[in-house]
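Everything below concerns the one structure shown next.
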Amino acid sequence: MSLVIAGSSRAASASAINAKEVALTDIQIPLASALCNVIELIPNSLVTLHREEQVEVQNGAFQPSVERDLLKLVVVERHHATGNVAAAIVKGFQLKRGAIASTVAHDSHNIVAVGTSDQEILAAIGHVKGINGGLVVVDEGKAVASLALPVAGLMSNRDYMTVYKSLKILNEGLKRIGSPQAFNPFLALAFLTLPVIPELKLTDKGLFEFASFSHIDVSIK
1 MSLVIAGSSR AASASAINAK EVALTDIQIP LASALCNVIE LIPNSLVTLH REEQVEVQNG
61 AFQPSVERDL LKLVVVERHH ATGNVAAAIV KGFQLKRGAI ASTVAHDSHN IVAVGTSDQE
121 ILAAIGHVKG INGGLVVVDE GKAVASLALP VAGLMSNRDY MTVYKSLKIL NEGLKRIGSP
181 QAFNPFLALA FLTLPVIPEL KLTDKGLFEF ASFSHIDVSI K
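Counting in the working numbering, the sequence shown runs from 1 upward without gaps.
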C-alpha cells in the first residue's frame, strides 16, 4: 500500500530547492581510523552528546550499522547551489531500514537526511528535491510517505486538514521503517544542523563541535 501524500509542488515556489545533484561519492565518510566522533541524540532534547565510538569501516569509509544504531547523517546546501555536502555519524534514531529527509533544518534550512544506507539516503534527498521541499520517508528506495512544503521548503500551501492527514500518514511511514514513537525524528533532525546548541552538530561544511566552536574531523586520528 502506498502511503505517499500528493502535496502541492512547484506552483508555490519554483526556487525552494537550488542544490546541485548529490552523488554517492559526495556522502562518503573517509576514515583514517575506526575511532570516530559521533553525534548522539537525547530524545526530545535539542542538545546532543559528543561520543567517541569504534565504527565499521569498509574500503576506507564508514559503514552504517543498524544493529548498533550508528547511522549516516547528511546535509546538502540548497539555497545557492554551492555543492556543499557534509556527512557524519549519528546514534539514537533507531531506524531499522530506509531513510528520512527534510528541508526544515534550523537555522540554515538546508536538506538534511539520515538513513541506514547510502542508497536510501540518496533516494530520500532526491525525493525531497522532487517535491520542492518538505518531509519524506523512504523505504527500499521509494518514497512511502511525504509532505510537500513548497513555500521556501518550510511551509505548506494546503489547508490545515490536508496537512493534518498528511502528517498522520507520515507517522505511519516512520513506523514502517522502525522509528520509535518516543520522539519525533523529524523534530530531532531539524535541530541537528544548529551549531550554536551543544554538543555536536552537522552543517553543510562539516561536523561542528560546540565546545571548541569549530569544525572537527569525523575520524579521530
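Yeah, the Cβ is synthetic: ideal placement off N, Cα and C, and Gly gets one too.
- Less than 9 angstroms divides the Cβ of S108 from the Cβ of H79.
- By the criterion of at least three beta-carbon pairs nearer than 8 angstroms, the stretch 137 to 147 is in contact with the stretch 100 to 120.
- The alpha-carbon separation between N37 and P185 amounts to approximately 21 angstroms.
- The continuous alpha helix (DSSP H) containing G126 extends over residues D118 to G130.
- Shown here for L31: same chain residues with a beta carbon closer than 8 angstroms to its own, the five before and five after excluded, namely V55, V57, G60, A61, F62, V218 and S219 in chain order.
- The bridge partners DSSP lists for I17 come to none.
- Just so you know, the alpha carbons of K96 and V112 end up roughly 19 angstroms apart.
- By the C-beta density criterion, K168 is exposed, having fewer than 16 other C-beta atoms within 10 angstroms.
- Shown here, D204 sits in coil according to DSSP, grouped into three states, outside any helix or strand.
- Distance from the CA atom of K72 to the CA atom of I89, rounded to whole angstroms, is 5 angstroms.
- Taking A152 as the centre and dropping the five residues before and after it, the same chain places the C-beta of S13, A16, H109 and G133 closer than 8 angstroms to its C-beta, in chain order.
- When the alpha-carbon of T25 is set against those of E40, N84 and R158, the nearest one is in N84.
- For G98, same chain residues with a beta-carbon under 6 angstroms away, outside a window of 5 residues either side, are E120, V138, D139 and I177 in chain order.
- The beta carbon of N18 sits closer than 8 angstroms to the beta carbons of R78, H79, H80 and A81 from its chain, once the five residues preceding and following it are set aside; these are given in chain order.
- Contact between I27 and V74 is confirmed by a C-beta separation of about 5 angstroms, below the 8 angstroms threshold.
- Per the coordinates, the alpha-carbon of I42 lies some 6 angstroms from the alpha-carbon of T48.
- In the DSSP annotation of this structure, the continuous segment of the alpha helix (DSSP H) that includes V163 starts and ends at Y160 to R176.
- Contact annotation, N44 with F183: C-beta distance approximately 5 angstroms; criterion of less than 8 angstroms satisfied.
- Between A101 and A87, the C-beta gap is not smaller than 9 angstroms, which leaves the two residues out of contact.
- Inter-residue distance for A188 and M161 is about 24 angstroms (C-alpha atoms, whole angstroms).
- Listed in chain order, the non-local C-beta contacts of A211 below 7 angstroms within the same chain comprise E199, local neighbours out to five positions each way being set aside.
- Straight through space, the alpha carbons of D159 and I216 are spaced by roughly 43 angstroms.
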